[in-house]
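Asker: Chains as they are written, first to last, in this note's numbering: chain A, -13 to 210; chain B, -13 to 210.
Number of protein chains: 2
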Amino acid sequence: MKDGPDIARIANLIGDPGRANMLAALMSGKALTAGELASEAGVRGQTASGHLTKLEEGGLIARERQGRHHYFRLADSDVAGVLEALMGLAAAKGQLRTRTGPRDPELRHARVCYNHLAGELGVTLYDGLRARGVLVGSGDDVTLSDPGREEMARLGIELSTKSRSPECKSCLDWSARRMHLAGRLGRAILDHAFSEGWAMRPEGTRIVRFTGLGEGAFRKTFQV
Amino acid sequence: MKDGPDIARIANLIGDPGRANMLAALMSGKALTAGELASEAGVRGQTASGHLTKLEEGGLIARERQGRHHYFRLADSDVAGVLEALMGLAAAKGQLRTRTGPRDPELRHARVCYNHLAGELGVTLYDGLRARGVLVGSGDDVTLSDPGREEMARLGIELSTKSRSPECKSCLDWSARRMHLAGRLGRAILDHAFSEGWAMRPEGTRIVRFTGLGEGAFRKTFQV
DNA sequence: AGCACAGTTCGGCCTGCGCCGAACCATTCA
DNA sequence: TGAATGGTTCGGCGCAGGCCGAACTGTGCT
């Protein structure tokens, strides 16, 4: 009884709708200003400011001052992981918010999830890589096979070795309820797509917009 | 932009101290009655009842009526996973509650974490199995090696095949900030310790109490 | 220097919700 | 059938905290 970490404090921080919206917006991995986050949350600046200091004190987000702007981002990938887990759970419990705006089709097709590719294209990639034996493992526990590792190296996908995050990780997509690829490999593949000019990120959104040629090249490269 | 699952609703449920205590108590995997949960949370019966219906409606716990008792348990392992993730994050942020009661030494030594062994002994087991090559893999991404699988079979550890949960999984211990073994294998090993009579669970706690002989046998069997 | 704009701080309003006392069901046992 | 016990429902209290208007700080632009 009442041992263990103070889980309630953190959950309470996430549990306010305004703050949850801010955190969800920050899941894109992009740093946003206080004003942008205020409009995300649908509140005035003062209120947002209060929320942001609370989140900062709670260690969930980090602040970076740049001139008269304050940029905020998620504190670390642990926080992003918890948020993804919560999203997965909320989706599983059928509490989708289904605010289907006009932009939704693009979001569903390909979007960024923290630092890797999610959406239909992310799921397709994941399924394809498993079908071809690049990824092996059962359930949500996958690793890169030796031939797979060679293939990635041949394609010029560089896995950063600095981060201690796992090489491969399955990540449950809340819109499709399907797995897609996270971890260092997932990040490297998305970076590759950007640096090859196959896709770009419209400002302030989580959309990943592939060009026609780019999506073709992507599918051909990863044979999906 | 308010897309995505309603993460705030769920986080809000976990975010109340009383409810969080109840959920933490249920992490033992044991089903508890409303009264027990009320005392865990430090509130009266009526208040607890209100919390429990909210948690049930939110899909976080499941209720089972038996005579005049109502037994509650966590709804599924997804919920347990989210709670573990939150505990890990809270521990990482240094928000330990450090309510070090007299029972604490025992809790730290060996306790149950959802359905597997945690605490110092759990960490020792995990490290030992990795050092001996029973578990292989990098970081928190481990699998059972072929010789390891043989050894487990020889010891009479039966992995249930019904559950689709991963065979091996690392689980971050919030007290020691070290990894220990979860997944089907972790569960099977703990079950084995109980069925061999090495250890028992005092009612209503998360403690795993090994007998002197039992702990010796445990350490000898797994060579740690 | 003066203005515009981003963000924060302050003070006050008001709703939400956690809490409990008391009364009300349901089950078991004598 | 009545008493004891475990849970739930109801009603009312009181506080925490989210929200905003207004005033203040700090930065950049002219």
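We treat Cβ as the ideally placed atom computed from N, Cα and C, and that holds for glycine.
Note that the structure is predicted; figures quoted are calculated from it, not measured.
1) Enumerate in chain order the residues of its own chain whose CB-to-CB distance from A/Arg30 is below 8 Å, with the five nearest sequence positions on each side excluded.
2) Within the 8 Å Cβ cut-off, does B/Lys40 reach chain A?
3) With a threshold of 8 Å between beta-carbons, can B/Met(-13) be considered close to chain A, or not?
4) Cutting at 6 Å between CB atoms, please list the residues of its own chain near B/Glu201, excluding the five before and the five after it.
5) Quickly, what does DSSP pair A/Glu50 with across the bridge? List them, please.
6) Let me know if B/Ser14 comes out buried or exposed under the rule of 16 or more other beta-carbons within 10 Å of its beta-carbon.
7) Within a Cβ cutoff of 8 Å, which residues of the same chain sit near A/Ile143, ignoring the five residues on either side of it in sequence?
8) Once you ignore the five residues that flank B/Ala101 on each side, which residues in its own chain have a CB closer than 6 Å to its CB?
9) Can you list the residues of chain B that A/Gly45 reaches, using a CB-CB cut of under 7 Å?
10) Between the alpha carbons of B/Leu111 and A/Gly67, how many angstroms are there, rounded?
11) If you measure from the beta carbon of A/Val65 to each beta carbon in chain B, is any gap under 8 Å?
12) So the candidates are B/Phe208, B/Arg195, B/Gln209, B/Asp(-8); which of them puts its Cα closest to the Cα of B/Gly105?
13) Is A/Asn101 close to chain B, meaning its C-beta is less than 8 Å from at least one C-beta of that chain?
14) Around the Cβ of A/Phe208, are there at least 16 other Cβ atoms within 10 angstroms (buried) or fewer (exposed)?
15) Flag B/Asp113 as yes if its beta-carbon sits less than 8 Å from any beta-carbon of chain A, otherwise no.
16) Would B/Gly1 pass as a contact of A/Ala34 if the rule is Cβ separation under 8 Å?
17) Is B/Thr129 helix, strand or coil by DSSP?
18) With distances taken Cα to Cα, identify the nearest neighbour of A/Ala78 among B/Arg5, B/Ser63, B/Val122.
19) Quick one: residues in its chain with C-beta nearer than 6 Å to the C-beta of B/Val98, no 5 flanking neighbours on either side, listed in chain order?
20) With the cut-off set at 8 Å, would you say A/Leu38 and A/Leu9 are in Cβ contact?
21) If I'm right that A/Gly119 touches A/Gly108 with Cβ under 8 Å, what's the distance once you round it to whole angstroms?
22) Residues of chain B with a CB under 7 Å from the CB of A/Leu60: which are they?
23) Just to make sure I have the definition right: I need the residues of chain A whose C-beta is within less than 7 Å of the C-beta of B/Pro3. Which are they?
24) Can you list, in chain order, the residues of its chain whose CB lies under 8 Å from that of B/His95, leaving out five sequence neighbours each side?
25) Against chain A, does B/Ala(-3) count as a neighbour if the rule is that its beta carbon must be under 8 Å from one of theirs?
26) Among residues of its own chain, excluding the 5 on either side of B/Arg5, which ones have a beta-carbon nearer than 8 Å to its beta-carbon?
27) At least one CB of chain B closer than 8 Å to the CB of A/Ala10: is that the case?
28) So what does DSSP say about A/Ala44, is it helix, strand or coil?
29) Under 9 Å between beta-carbons, which chain B residues line up against A/Val210? List them in chain order, please.
30) Hey, could you find the ends of the beta strand (DSSP E) B/Ala17 is sitting in?
31) Chain A partners of B/Val68, CB-CB under 7 Å?
32) Can the beta-carbon of B/Ala71 be found less than 8 Å from the beta-carbon of A/Ala71?
33) Taking the beta carbon of A/Asp(-8) as the centre, do at least 16 other beta carbons fall within 10 Å, making it buried, or is it exposed?
34) Between which two residues does the beta strand (DSSP E) harbouring A/Arg97 extend?
35) How far does the alpha helix (DSSP H) with A/Leu145 in it extend, from its first residue to its last?
Answerer: Inspection of the coordinates gives the following:
1) Start at 1 with the first residue of the first sequence, and residue 30 of chain A comes out as number 44. Ala24.
2) Taking the first residue of the second sequence as 1, we reach residue 40 of chain B at position 54. So, not an interface residue.
3) In the second sequence, the residue the question calls residue -13 of chain B occupies position 1. Summary for B/Met(-13): the model assigns pLDDT 41, below 50, so the residue's position carries little reliability; its value from the coordinates is reported in the next sentence. Cβ-Cβ to chain A under 8 Å: yes for B/Met(-13).
4) The sequence position of residue 201 of chain B within the second sequence is 215, counting from 1. Hits under 6 Å: none found.
5) Taking the first sequence and counting its residues from 1, the one referred to as residue 50 of chain A is at position 64. For A/Glu50, DSSP records a beta bridge to A/Tyr57.
6) Indexing the second sequence from 1 puts residue 14 of chain B at position 28. Per the 10 Å Cβ criterion, buried.
7) For the purposes of this step, residue 143 of chain A is taken as residue 157 along the first sequence, with counting starting at 1. Hits under 8 Å: Leu171, Ala174, Ile175, His178.
8) Here residue 101 of chain B refers to the residue found at position 115 of the second sequence. Checking the sequence shown, residue 101 of chain B turns out to be Asn, not Ala. Counting only Cβ-Cβ distances below 6 Å, and skipping sequence neighbours, we find Gly15, Arg173.
9) As a working note, residue 45 of chain A is residue 59 in the first sequence. Here the neighbours are Lys79.
10) On the second sequence, position 125 is the one that residue 111 of chain B refers to. On the first sequence, position 81 is the one that residue 67 of chain A refers to. C-alpha separation (whole angstroms): 26 Å.
11) For this step, residue 65 of chain A is matched to residue 79 along the first sequence. Answer yes: the Cβ-Cβ gap between A/Val65 and chain B drops below 8 Å somewhere.
12) As a position in the second sequence, residue 105 of chain B is number 119, starting the count at 1. It is B/Arg195 whose Cα lies nearest to the Cα of B/Gly105.
13) Walking along the first sequence from the start, residue 101 of chain A turns up at place 115. It does not: the Cβ of A/Asn101 has no partner Cβ on chain B nearer than 8 Å.
14) Here residue 208 of chain A refers to the residue found at position 222 of the first sequence. Answer is buried; the Cβ neighbour count reaches 16.
15) Walking along the second sequence from the start, residue 113 of chain B turns up at place 127. Chain A contact via Cβ: absent.
16) Residue mapping note: residue 1 of chain B aligns to position 15 of the second sequence, counting from 1. Residue mapping note: residue 34 of chain A aligns to position 48 of the first sequence, counting from 1. No, they are not a contact pair.
17) Locating residue 129 of chain B in the second sequence gives position 143, where the first residue counts as 1. Strand, per DSSP.
18) Reading the first sequence from its first residue, position 92 is the one you call residue 78 of chain A. Closest option to A/Ala78, Cα to Cα, is B/Ser63.
19) What you label residue 98 of chain B is simply residue 112 of the second sequence in a count that begins at 1. Here B/Val98 has Ser14, Arg192, Val194 as same chain residues with Cβ atoms under 6 Å from its own Cβ, once five neighbours each way along the sequence are excluded.
20) As a working note, residue 38 of chain A is residue 52 in the first sequence. As a working note, residue 9 of chain A is residue 23 in the first sequence. For A/Leu38 and A/Leu9, no; Cβs fall outside 8 Å.
21) Indexing the first sequence from 1 puts residue 119 of chain A at position 133. Indexing the first sequence from 1 puts residue 108 of chain A at position 122. Not confirmed; about 19 Å, so no contact.
22) Here residue 60 of chain A corresponds to residue number 74 of the first sequence, with the count starting at 1. Within 7 Å Cβ-Cβ: nothing; A/Leu60 doesn't reach chain B, min ~11 Å.
23) Numbered from 1 along the second sequence, position 17 holds the residue referred to as residue 3 of chain B. Those within 7 Å of B/Pro3 in chain A are Ala(-6).
24) As a first step, residue 95 of chain B is located in the second sequence; it is residue number 109 there, counting from the start. Contacts found: Gly105, Glu106, Leu107.
25) Position 11 of the second sequence, counted from the first residue, corresponds to residue -3 of chain B. Yes, its Cβ sits closer than 8 Å to a Cβ of chain A.
26) Residue numbering aside, residue 5 of chain B sits at position 19 when the second sequence is read from its first letter. Answer for B/Arg5: Leu(-1), Ala27, His37, Lys40, Leu41, listed in chain order.
27) Within the first sequence, numbered from 1, the residue matching residue 10 of chain A stands at position 24. Yes, because at least one Cβ of chain B sits closer than 8 Å to the Cβ of A/Ala10.
28) In the first sequence, counting from the first residue as 1, residue 44 of chain A sits at position 58. In the sequence under discussion, the amino acid at residue 44 of chain A is Gly, which differs from the Ala named in the question. Of the three classes helix, strand and coil, the one that applies to A/Gly44 here is coil, per DSSP.
29) As a working mapping, residue 210 of chain A is identified with position 224 in the first sequence. The premise fails here: A/Val210 is roughly 24 Å from chain B at the closest Cβ pair, so nothing lies under 9 Å.
30) As a position in the second sequence, residue 17 of chain B is number 31, starting the count at 1. Note, B/Ala17: premise wrong, no beta strand (DSSP E); not H, not E.
31) Here residue 68 of chain B is taken as the residue at index 82 of the second sequence, counted from 1. Going along chain A in sequence order, the residues near B/Val68 (Cβ under 7 Å) are Ala71, Leu72, Leu75.
32) Here residue 71 of chain B corresponds to residue number 85 of the second sequence, with the count starting at 1. Here residue 71 of chain A corresponds to residue number 85 of the first sequence, with the count starting at 1. In this structure, A/Ala71 lies closer than 8 Å to B/Ala71 by Cβ.
33) As a first step, residue -8 of chain A must be located in the first sequence, where it is residue number 6. Per the 10 Å Cβ criterion, buried.
34) Translated into the one-based positions of the first sequence, residue 97 of chain A becomes position 111. That run of the beta strand (DSSP E) goes 97 to 99.
35) Locating residue 145 of chain A in the first sequence gives position 159, counting from the first residue. Taken as a continuous stretch (DSSP letters only), A/Leu145 belongs to no alpha helix (DSSP H), as it is neither H nor E.
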